[in-house]
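Residue numbers (UniProt numbering): 1 to 141.
Beta carbons: idealized from backbone N, C-alpha and C, even for Gly.
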């Protein structure tokens with residue numbers, strides 16, 4: 001402050017910056033399996049088409065199967081997306097890709113069961129899978 005000749009007592013009052021208050025709705029769903037790829041796909045499609053896309057059906061990406069895929073069709077764009085959570089399921093998906101049985105334009109792999117909502121930093125509930133599903137559904141609201 002001294003080097004820049006700034007005297008704090010001479011400064012006029014103003015509102016504080018709040019840099020952590022702005023976030024995207026897509027960032028909320030990052031914690032559950034399928035959330036990152038859903039947000040990335042929506043963003044990519046909006047960038048490619050130049051239009052806001054509100055009517056994409058991501059239901060199959062929001063499931064709880066350990067390894068799943070879906071095909072999305074938006075105008076002339078057709079995408080096949082793979083999602084896996086849990087390293088065992090991720091291994092299955094990667095094996096299918098290596099063996100040429102499956103092809104995906106994009107994949108999401110989350111190491112923890114259910115995504116980050118089921119990770120090591122979370123409390124350990126008695127009804128683990130039920131709790132993970134409830135946490136994930138809460139992120140979709």
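8 Å contact criterion, which residue i and residue j should meet: CB distance rounded
| i | j | result |
| --- | --- | --- |
| residue 109 | residue 84 | 5 Å |
Buried versus exposed call for residue i [16 or more other C-beta atoms within 10 Å across all chains shown]
| i | result |
| --- | --- |
| residue 16 | exposed |
| residue 39 | buried |
| residue 100 | exposed |
| residue 106 | exposed |
| residue 41 | buried |
| residue 115 | buried |
| residue 13 | exposed |
| residue 81 | buried |
Own chain, CB closer than 6 Å to residue i, minus 5 neighbours either side, in chain order
| i | result |
| --- | --- |
| residue 62 | 34 |
| residue 92 | 67 |
| residue 26 | 39 |
Sequence-distant residues of its chain with Cβ nearer than 8 Å to residue i (five each side left out)
| i | result |
| --- | --- |
| residue 88 | 66 |
| residue 120 | 112 |
| residue 133 | 64, 114 |
Pair within 9 Å by beta-carbon distance, residue i and residue j
| i | j | result |
| --- | --- | --- |
| residue 72 | residue 57 | yes |
| residue 74 | residue 43 | no |
| residue 60 | residue 102 | no |
Alpha-carbon to alpha-carbon, residue j and residue i
| i | j | result |
| --- | --- | --- |
| residue 138 | residue 32 | 10 Å |
| residue 47 | residue 9 | 47 Å |
| residue 37 | residue 94 | 16 Å |
| residue 136 | residue 6 | 49 Å |
| residue 77 | residue 2 | 57 Å |
is_contact[residue i, chain C] using C-beta, thresh 9 Å
| i | result |
| --- | --- |
| residue 8 | The structure shown has no chain C; it contains just one protein chain. |
Other residues of its chain near residue i: CB distance less than 7 Å, five sequence neighbours each side excluded
| i | result |
| --- | --- |
| residue 86 | 66, 113 |
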